[in-house]
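First residue of the sequence shown? That's 31 in the numbering used here, and the numbers climb one at a time after it. Every residue, glycine too, gets a C-beta built ideally from N, C-alpha and C. Encoded as structure tokens, the structure appears first; notes follow it.
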Amino acid sequence: MRTLKGLAALLALTALVVGIPAALILLAGNPIPSTAELQQALTGIDFGGTFLMGTVLPLIAWGFWASFVYSLVVEVISLIRRVETPNLGGALRPQQALAGALIAAVLALGGGSPAFALTPQDTASAPAAVAMAQEGQTTQDTTQDTPAAAGERTYIVQEGDTLWGIARDELGQGSRWGEIAEQMRSTPQADGQTLTDPDLIMTGWTVELPDGPTGAGSTSATPAPSQQAPAPAQTDTDAQQAPAPAAPSASASAEPSAPADDSATPAPEAAAAPSAASDPTPAQDAQHPLPGEAVSAAPSTAPAEQEGPSAVPGGAFTQTAPAPADLSSHQEQAAPEEVPAWATIGGIGAFAAAGLLGIVGLRRQLQRRRRQPGQSVPMPEEQTAQLETQLRVVAEPEQAEELDVVQRWLARWAHENGQDLPELFLVRVSPEQIALYLMAPAQLPEPFVAETDDGVVWTLASGSIDIDPDLPAAPYPSLVTVGQDDTRSQVLLDLERLGTLGIDGDPQLTTQVLDAMAVELATSSWSENVTITLVGVADGLAKVVSDGRVRQIDDLDQLIGQLDGKAKDIRRALDEQDAATLDQARAANQEEAFGPEIVLLGLEPTPAQARRLTDLAGAIPRLGIAAVTTANPLASDWILNLEDEDHADLLPVNQHLRPQKITPEEGERIKELLATALEDPRSTGRGTTATIDINTVLDERPHLSAVADLEEMLHEEENTQDLPLTPEPAVPAAETAEDETDPAEENEEDVLAAQTARHTPTPAPAPHDTMDEDEDEDEDEESQDQAAAAAVPTEPEDITPEAQDQTPAVVAVTETAGPAETAPEPEPEPEPEPEPAATAEPAQQEAATDLHDTSPAEDEDEDEKDAAPEQLASTDPQKQIDLDAAHLLEQATTQAPMILMLGELKLVGAQGQAPVTAATGEVSTTQTARCVALAAYLALHPGASAEAVHAAFWPTQRSDGKSASSNRNKLTGQARRLLGQAADGTPYLPAVGSEGYRVHEDVLTDWQVVQSLIGDDPVKASTPALVAAMRLVRGVPFEHAKASNVAWTETLVQEMVQTICDAAHELVARSLAAGHREHAQLAARVGRAIDPANEAAWRDALVTEAAAGNHTEVTRLIEKLYSYLESFEEDLEPEVETTALIEELRAHGYRVA
């Protein structure tokens, strides 16, 4: 298609430059009249139109031809001299635009053209000749132009090559790109050029490869050009090549620095995310990793330390986890990871997906805030849920957040320094950097880097600006994605700056592009102050967004009248502030956002309406009004020309894009997704949890320390309906505290202590030759007391990610323990004496050890087993419950691998070999994490079909074909080798047969164990079962997991959170009634950790600490609750139940701010 366009443009140029004058000479001859002819024409009658046809019309034609040739010459001279093309304007404006477009198309036929070279102009006259995006074509004949000397290894640059990629593929190490660059600087190419910028290489150039064996050679500390170093947890062979960037202005992706020492920074898995001070040298990105790329099966929230510059930019937005260690030296090499999807099947891009998920997530938090115990949050139907899965794979929330922060940071800088905001019109965003393209030269502060001498292109390395909550409104609220370029960068336009944009192409496609713009503008965080007016576009979107920024208007005349009134108001505000432009007004006055209005017009306006819209959108100065239309009725200079579903050209810059769009089917799913997230919670039919009245707790506080008869206490715990209770609804809130210790750390230690003993040899008890029998009994009793105490955390702590990083994993458990039966009799028999849990000393193990720690534990002394229950039963019923809970967990323990989901996703007790990276020989944390995620999916979905597995892990790709089958086979094979085999040789992941994909029945998850303990209704579960379930919870389910691995878990996570929160709420009620403070504190902490948006858990914590007489902790919790509510939403007040509880606490003498 591009070749045909280029040839057509060449023919058109030839016809215009040569054909027109030839035709005029042939048909009209010399049009200049003689004196007599002129006198006759002025005084006489032009019979037959001879003078008109032979003189007047030919002279007009010659005039048009001369103006076109003049514009063409100006364009060519500017292109040759590589300078900004002057704006001819006026009557020459159409000729200049035509000349620029034809030259751009012709140059696209060339072989040594840049990938994206923008020279911004005024929107009314930005000629494409100096703002072209050209993709060269390379033929085998180019090898004859620069023959290499005999014996030398050479390489011919192909389309999409980069120096890093060439060094990686030809020399074995991408970091050797510097050696290639040095040789190319001194070697003229066949076209007469030499390498001056490593980011700018041309197709057809000859690369002389350095001497030395492939893969050997020194490394370079020079910033790598035009190619992203593989992100952490990616294989070297996974880096995808991208078109070579053009002039410095074309560099729109920050390039990572090459590591100073390969041993210090193994690529790619062991590479750590750099700090904000890492080298910001810009270059093209070559791939587009998904969010959370560095998260592994055992991730760490802290970046790994490394020597020298990091190979991965964006330290503030990425995390790197250490690879598991102590694996077999004969591990299977990890296959290259698939190219990440850039859009959903229908075409929704990264930023629109991130915006949609942000709104859905916020609404679900509010749904959980309204949820009562025994209710569930509504979730979308299957097809809509599948679209949500695709959105989670595609979304780039970190990049979207960074773009938002960068805008606001620029606004604050401009305001504090009295500077005008840069006249931004286009942005390119990649994982490595953000590139800003300006209408006029400007000087930006560090850490921005100028990519052109005239200061119209600036880049910012990812992670260079820290997130700061104290930032003003985003100054470019009308930025919207139009597509992704050939370097996998997101391309955004500032619609307000452009004024008008025409979408040209198939009517169905143009409407889909407008719908995508509407959805992104309606959901992006930087568009909070924009007004989106929909006319014949995205019908129904305004209703489901419902935040005030979107409106639907069908009467175009009415809209134009409103826009005219807004324009007058903006002019008045500019005059009052003595501001020449809206940029100046926004920089000077941060109290007013001056939000623009973007009209998305899907209807054909009348000529009069089109003129009025054009005048409003194109007014100078800009008045904050822009219009995007189909078929370009406003004659915009900026046009997105849609060739087909996957190809488009942005004019006048002639940038090739994959356009963002939303199909009608996806549009309906989006509206259903947003609408479902607004529904009220639904009843599940479970029992209603009851809680103790605060007055009862505070008035009878001494009973907390009293020791009751064991049989009576157990009976009370299992029959809480006889207590003075009042129903309490569950209400949410969210919390992210950084100043507190993580209760999940204590919980995980409990889990570890209970499970690790099954895999760790226990030394035999030492003989007590010098101790008498009484001393032995005293020591045994003290040991059991310590064991029970160690199993129950006593300090009320909040969850923090840092604490989770220090926690070890647990061994596998089987689904053999169900909830203990409650005794129906008034005076139940004492429960059988359980074996003491071997959980007194939690084992702290690294994630790597988790994969191989399978040593069986020795049996404990039988006398100790028999003695422990009697000793505890006679002194403390709470310890008896602890032992019962530990016994339930011990019953569920086997030697098979176990998958942990309630917290960070981990695999424990693996018997096999983890995949390794071929280039480094080290464990591939990316592939290991993906294998663990597959095992988790199969454990929860036994008998899954190939289509179901594919939809879970490759939701944006077709499930049929060789490629899809190959992807599934590779991942399944790696997971099978990782899990290993049972003692009898049975694989823990059997071969796929008629029963579909499944793991061995002994391979379980902690969630399945929790389900077996709690049952269908937490109200009916036994107290020991609830305590055991709480101890299995280590944090938020699937925390820190990579989106592409766990995109299928959203509905499951909601079920986990609601079930565990209800169980925690029930345990708090029972424990407070029975006087078991430690269990109440444990349950309250788990409730707040698993769902920080749950206000019922806050109330449980307040009641628990008040019952313990902990005034300081009660005050601290209330202050934290109000602080969170303020950060969650301005002026957000606690729920009615929470407010009533706080007033009761104040009445009982608690200090409440």
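Query, Result
"Would you mind sorting residue 52 into buried or exposed? The rule is 16 or more other CB atoms within 10 Å of its CB.", "exposed"
"With 16 other CB atoms within 10 Å as the buried threshold, where does residue 725 fall?", "exposed"
"In the DSSP assignment, find the alpha helix (DSSP H) that holds residue 922 and state where it starts and stops.", "Segment: none, residue 922 is in no alpha helix (DSSP H) and carries neither H nor E."
"Among residues of its own chain, excluding the 5 on either side of residue 708, which ones have a beta-carbon nearer than 7 angstroms to its beta-carbon?", "393"
"Going straight from the alpha carbon of residue 274 to that of residue 637, what length do you get?", "For residue 274, the predicted model reports a pLDDT of 33, less than 50, meaning its position is unreliable and no value from the coordinates is stated."
"Cα separation between residue 1036 and residue 574?", "37 angstroms"
"Output the distance between the C-alpha atoms of residue 261 and residue 493, rounded to the nearest integer angstrom.", "With a pLDDT of 35 at residue 261, under the threshold of 50, the modelled position of this residue cannot be trusted; read the value that follows with caution. Going from the Cα of residue 261 to the Cα of residue 493 covers about 14 angstroms."
"Given a cut-off of 7 angstroms on the beta-carbon distance, is the pair residue 467 and residue 474 in contact?", "no"
"Within 10 angstroms of its Cβ, does residue 1170 collect 16 or more other Cβ (buried), or is it exposed?", "exposed"
"Could you tell me whether the Cβ atoms of residue 656 and residue 525 are closer together than 7 angstroms?", "yes"
"Alpha carbon to alpha carbon, how far is residue 936 from residue 983? Give it in angstroms, no decimals.", "18 angstroms"
"Would DSSP call residue 187 helix, strand or coil?", "coil"
"Mind reading off the beta-carbon distance from residue 407 to residue 1088? Whole number of angstroms is fine, and I expect it under 8 angstroms.", "7 angstroms"
"Do you know how far the Cα of residue 514 is from the Cα of residue 460?", "10 angstroms"
"DSSP three-state label for residue 121, please.", "helix"
"Which residue marks the beginning of the alpha helix (DSSP H) containing residue 467, and which one marks its end?", "Where residue 467 is concerned, there is no enclosing alpha helix (DSSP H), although the beta strand (DSSP E) it sits in stretches over 463-468."
"When DSSP labels each residue in this structure, what does residue 1140 get in the three-state scheme?", "coil"
"Bridge partners of residue 1165, per DSSP?", "According to DSSP, residue 1165 bridges with nothing at all."
"If you check the beta carbons only, do residue 1058 and residue 919 fall under 7 angstroms apart?", "yes"
"Can you find the residues in the same chain that come closer than 7 angstroms, C-beta to C-beta, to residue 436, ignoring five residues on each side of it along the sequence?", "464, 490, 495"
"At the level of alpha carbons, what is the spacing between residue 12 and residue 593?", "A query on residue 12 cannot be resolved here, the shown segment of the chain reaching from 31 to 1183 and no further."
"Comparing C-alpha positions only, which one of 402, 66, 723 sits nearest to residue 1174?", "723"
"If I'm right that residue 644 touches residue 530 with Cβ under 8 angstroms, what's the distance once you round it to whole angstroms?", "7 angstroms"
"Since residue 604 and residue 580 are thought to touch, with beta carbons under 8 angstroms apart, how far apart are those beta carbons, to the nearest angstrom?", "Contact flag wrong, Cβ pair sits at about 26 angstroms."
"Tell me which residues share the same chain as residue 576 and place their Cβ nearer than 8 angstroms to its Cβ, disregarding the 5 neighbours each side in the sequence.", "708"
"Look at the alpha carbon of residue 668 and the alpha carbon of residue 505, and state the distance between them as a whole number of angstroms.", "22 angstroms"
"Taking contact to mean at least 3 C-beta pairs separated by less than 8 angstroms, is the segment 399-419 in contact with the segment 1076-1090?", "yes"
"Label residue 1125 either buried or exposed according to how many other C-beta atoms from any shown protein chain fall within 10 Å of its C-beta, with 16 as the threshold for buried.", "buried"
"Mind checking who residue 506 pairs with in its DSSP beta bridge?", "Answer is none; residue 506 lacks a bridge partner."
"Given this structure, state the Cα-to-Cα distance separating residue 1002 from residue 946, to the nearest angstrom.", "15 angstroms"
"Does the pairing of the segment 1055-1075 with the segment 1110-1120 give three or more beta-carbon distances under 8 angstroms?", "yes"
"Based on Cα-Cα distance, which residue from 1096, 1102, 694 lies nearest to residue 375?", "694"
"With a cut-off of 8 angstroms, do at least 3 Cβ pairs link the segment 683-700 to the segment 532-550?", "yes"
"Pick helix, strand or coil for residue 671, following the three-state DSSP scheme.", "strand"
"Apart from the five residues just before and just after residue 1011, which ones in its own chain have a Cβ nearer than 8 angstroms to its Cβ?", "941, 942, 1017, 1018"
"What number of angstroms, rounded off, separates the C-alpha of residue 956 from the C-alpha of residue 1074?", "11 angstroms"
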